[in-house]
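Read through the structure below, which is laid out as structure tokens, and then see the notes.
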Amino acid sequence: MTTIAGFSPFTRSTVPRRARLALVPLVVLILLAAYGATLQTHINGSSDEYMLDVGEIQVALNVWGTVHYTGYPLYTMLGNGFTAPLRAVGLEPAAAASLYAAAWGVAALVCAGALVWGLTRRIAVAALAVLLLGLSRSVWIHSSIAEVYGMSLAITALMLLVALWPAPWLGAWSARRRFLTLALLGGIGVAHHRAVAFIAPGLFLALWPYRHDVLDRWPRTLIQGIGLAALGFVPYAYLPLRAHQGGSWVYGDPGTWRGFWQQFTGQEADYLVTLPGGTGGWLDDVADIARLLVDQLTLPGLLIAVVALAVAVTLSPHRHAARVLALAGAGPLIFSIAYHSAVLPGAILMPVVLVLALEIALAADWLLDQRPALEPALLAGLLAWALVLIPFNLDWIRTRTTDRTGLEMIARVAQIPREGRVAFTLPWGPHYEAAAYSRLVTGENRDVTMVYHTADYADLLAQDYRLYTAPEAFYVFPPDWWRARLGGLGLTSAGPGLVELFDAPQMAVPGDPSAEPIVYGIAREAAWLTCDADTVALHVVWRAAESPSSDPSIFVHLTGDDIAPVLATADRSAPVYGFYPFTSWSPGERVRDDFTLPRLDGGTQVRVGLYEQDAQGQFVNYGEVALPVAACEPVADAG
Numbered sequence: 085m086t087t088i089a090g091f092s093p094f095t096r097s098t099v100p101r102r103a104r105l106a107l108v109p110l111v112v113l114i115l116l117a118a119y120g121a122t123l124q125t126h127i128n129g130s131s132d133e134y135m136l137d138v139g140e141i142q143v144a145l146n147v148w149g150t151v152h153y154t155g156y157p158l159y160t161m162l163g164n165g166f167t168a169p170l171r172a173v174g175l176e177p178a179a180a181a182s183l184y185a186a187a188w189g190v191a192a193l194v195c196a197g198a199l200v201w202g203l204t205r206r207i208a209v210a211a212l213a214v215l216l217l218g219l220s221r222s223v224w225i226h227s228s229i230a231e232v233y234g235m236s237l238a239i240t241a242l243m244l245l246v247a248l249w250p251a252p253w254l255g256a257w258s259a260r261r262r263f264l265t266l267a268l269l270g271g272i273g274v275a276h277h278r279a280v281a282f283i284a285p286g287l288f289l290a291l292w293p294y295r296h297d298v299l300d301r302w303p304r305t306l307i308q309g310i311g312l313a314a315l316g317f318v319p320y321a322y323l324p325l326r327a328h329q330g331g332s333w334v335y336g337d338p339g340t341w342r343g344f345w346q347q348f349t350g351q352e353a354d355y356l357v358t359l360p361g362g363t364g365g366w367l368d369d370v371a372d373i374a375r376l377l378v379d380q381l382t383l384p385g386l387l388i389a390v391v392a393l394a395v396a397v398t399l400s401p402h403r404h405a406a407r408v409l410a411l412a413g414a415g416p417l418i419f420s421i422a423y424h425s426a427v428l429p430g431a432i433l434m435p436v437v438l439v440l441a442l443e444i445a446l447a448a449d450w451l452l453d454q455r456p457a458l459e460p461a462l463l464a465g466l467l468a469w470a471l472v473l474i475p476f477n478l479d480w481i482r483t484r485t486t487d488r489t490g491l492e493m494i495a496r497v498a499q500i501p502r503e504g505r506v507a508f509t510l511p512w513g514p515h516y517e518a519a520a521y522s523r524l525v526t527g528e529n530r531d532v533t534m535v536y537h538t539a540d541y542a543d544l545l546a547q548d549y550r551l552y553t554a555p556e557a558f559y560v561f562p563p564d565w566w567r568a569r570l571g572g573l574g575l576t577s578a579g580p581g582l583v584e585l586f587d588a589p590q591m592a593v594p595g596d597p598s599a600e601p602i603v604y605g606i607a608r609e610a611a612w613l614t615c616d617a618d619t620v621a622l623h624v625v626w627r628a629a630e631s632p633s634s635d636p637s638i639f640v641h642l643t644g645d646d647i648a649p650v651l652a653t654a655d656r657s658a659p660v661y662g663f664y665p666f667t668s669w670s671p672g673e674r675v676r677d678d679f680t681l682p683r684l685d686g687g688t689q690v691r692v693g694l695y696e697q698d699a700q701g702q703f704v705n706y707g708e709v710a711l712p713v714a715a716c717e718p719v720a721d722a723g
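When we follow our numbering, the leftmost residue of the sequence shown carries the number 85, and every step to the right adds one.
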């Protein structure tokens, strides 16, 4: 029996109390196992859309840094306080940052479960709604990686809990105090992430029945509400403070008013905030949002959720709460359709998934009021649905959280020759963040200065820095971009996966070994192999005897004792990872090239040379040489 106020002091049940209570530890164990299996424990380097900002946050949460617009200062400050003791007991810093995000995810689930229990007094339904929500794709991954959206969801769930918790429990806690509490939480939420504001219509509906109490002494109440909401923005003082303190990881220029305002308002992303183009654009966005919701709950699950929402808002004794939830979820849903490219839509939809999970619980409560005998089957169905989400999402999430690109980048940086002052540069993004993590957080590459694409490269070279980058940087900024910033350009490989940049070509000098002429003014000075258990690396030094008159390609083949079959290839269209064609060289220029092949059974030699297609389309090889794998040098002796 449910009272008119929406408060149920007891519920009928056909399942033994012990069995219902046992669902709570079962849900906890399942979620701990799921999150533990996917928790990201090392630095991110993945460029997947869900992972793009993770490396930046992993660094910031361990060095009292600041992150991209709109700054997330409260999240960052609390995060540094959370990770410090974990690091002190030996936990990997990246894992500590992931656990911080997981804590926010758990907080959101606790609030969701408390709300269901407060409305329905059905502990089993509350536990299974939490399990369903916790195993949905976006909630799960954002409880496994260092991202800001778990905090957004936790604040959202807490505001819904405050707005909808049944009045009898509140006792003397007046509607006005509820309004002021929501003002405080709303200010904190919107200051953290502006998208939290989209649930406001639902909160207004929740307070509508109490509007006369809220409006009593309204000028004072309004002023107090505005003041409490403004408190949420006080943490923004952290951004200019860290800038003026010379923090090692400060995004943008928050130490100036212009830079601070750009970050506070997110002006960098203005170009993304655009409506779809025409009817086709709207339909495409609606279809993509539908796909993303299917990813959260499966297609049958989404259909069940929609039916449950309809039941909850029309038939449930908690119709008011159900309508509040539906209106709160409508804002994020509409925004994610209208401004689909503005932010990560899967994350913006997390409040929608929260609402659907709560609506499912309210519909289940109504159904059990009507048909108590269905309780065993209903609980078993909800548990089965939640468990289906584990294989549905596990590989998708684990693929992203176990990606080793960041670790591979750190290993590459470790191979940079430590000759004099060394700087390493990459465009801002996951690869740069991984490299910076190894200097600022773990310290393993503390002797390498890390800079990104806004650096004054010419000044670095003038200070006698040796400047290195990774080949993938040239996909973002081609050689001409570097030439304009350096006032000239010379490139050479500095080892597998590394490029050294100069402001002028590097020329052969007296005492260098003689070079064997090949074709078009190109000569080969040296070629040798290094290897480890898994790879064979070929190193070649080319020289331009004169300005090369053509651009032959380079073939690198791993073969057996005979030329055929070719077991593996590392061909390139041009030297230095394809970015420094021969015809751009100056007479006398000396350039190193590095190639990597897998070490395979039967692979006894590496053949290297130049080739091109003649007028008849036939391949013509020049200067081929075969190097025996058995004679390769240990990888530590490369160079």
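Quick reminder that beta carbons are idealized off the backbone N, C-alpha and C, glycines included.
Bear in mind the structure is a predicted one, so any value in this text is a computation, not a measurement.
- Here the alpha carbons of I272 and A314 stand approximately 8 Å from one another.
- Counting along the chain, L551 sits inside the beta strand (DSSP E) bounded by residues Y549 to T553.
- Taking 9 Å as the cut-off, the beta carbon of A519 is found no closer than this to the beta carbon of V506.
- For C615, the enclosing beta strand (DSSP E) stretches over residues I606 to C615.
- The Cβ atoms of L462 and L451 lie closer than 9 Å to each other.
- An exposed status is given to E133, since fewer than 16 other beta-carbon atoms sit within 10 Å of its beta-carbon.
- The C-alpha of M235 lies about 42 Å from the C-alpha of A542.
- In terms of Cβ geometry, L356 and S258 do not form a close pair [threshold 9 Å].
- By the CB criterion at 9 Å, A327 and G343 fall inside the cutoff.
- The beta carbons of L491 and I127 sit about 7 Å from each other, so the pair counts as a contact at 8 Å.
- Rounded to the nearest angstrom, the Cβ distance from C195 to A247 is 11 Å, too far for a contact under 8 Å.
- Within the region 367 to 411, the runs of alpha helix (DSSP H) that reach at least 4 residues and sit entirely inside it are, in chain order, 383 to 398.
- Contact between the region 494 to 514 and the region 575 to 582 is established, with three or more Cβ pairs separated by less than 8 Å.
- Under the criterion of beta carbons closer than 8 Å, I283 and P435 qualify as touching, at roughly 6 Å.
- Judged by DSSP in its simplified three-state form, G415 adopts helix.
- C-alpha of L113 to C-alpha of L524: approximately 36 Å in a straight line.
- Across the structure, I494 and H641 are spaced so that their CA atoms are roughly 28 Å apart.
- Residue pairing by DSSP places L575 opposite L585 in a beta bridge.
- The alpha-carbon of S182 is positioned some 21 Å away from that of P429.
- With fewer than three CB-CB distances shorter than 8 Å, the region 202 to 209 does not count as touching the region 356 to 367.
- In this chain, F561 is not harboured by any alpha helix (DSSP H), its DSSP state being neither H nor E.
- Counting only the Cα atoms, L458 lies some 48 Å from M161.
- For L299, the enclosing alpha helix (DSSP H) has its first and last residue at R295 to L299.
- Pairing P712 with E517, the inter-Cα distance amounts to about 39 Å.
- Rounded to whole angstroms, the separation of the alpha carbons of L216 and R407 is 21 Å.
- Distance from A412 to A447 at the Cβ level is roughly 17 Å; contact not present, criterion being Cβ atoms closer than 8 Å.
- Counting every other CB atom within 10 Å of its CB across the protein chains shown gives A592 a total of 16 or more, marking it as buried.
- Under the DSSP assignment, G707 falls in the beta strand (DSSP E) whose first and last residues are F703 to P712.
- The three-state reading of DSSP puts L642 in strand, counting E and B together.
- Straight through space, the alpha carbons of I638 and Y695 are spaced by roughly 6 Å.
- A470 counts as buried, since no fewer than 16 other beta carbons sit within 10 angstroms of its beta carbon.
- In the same chain as L291, and ignoring 5 residues on each side of it, the C-beta atoms closer than 8 Å to its own belong to A247, A259, R262, F263, L266 and V298, in chain order.
- Contact between G331 and G527 does not hold, since their C-beta atoms are separated by about 17 Å, which reaches or exceeds 8 Å.
- For Y661, the CB contacts under 8 Å within the same chain, skipping 5 residues up- and downstream, are P555, F558, S577 and V583 in chain order.
- The residue from G202, T125 and Y153 with its alpha-carbon nearest to that of T167 is T125.
- Counting other Cβ atoms within 10 Å of its Cβ, E231 reaches 16 or more and is therefore classed as buried.
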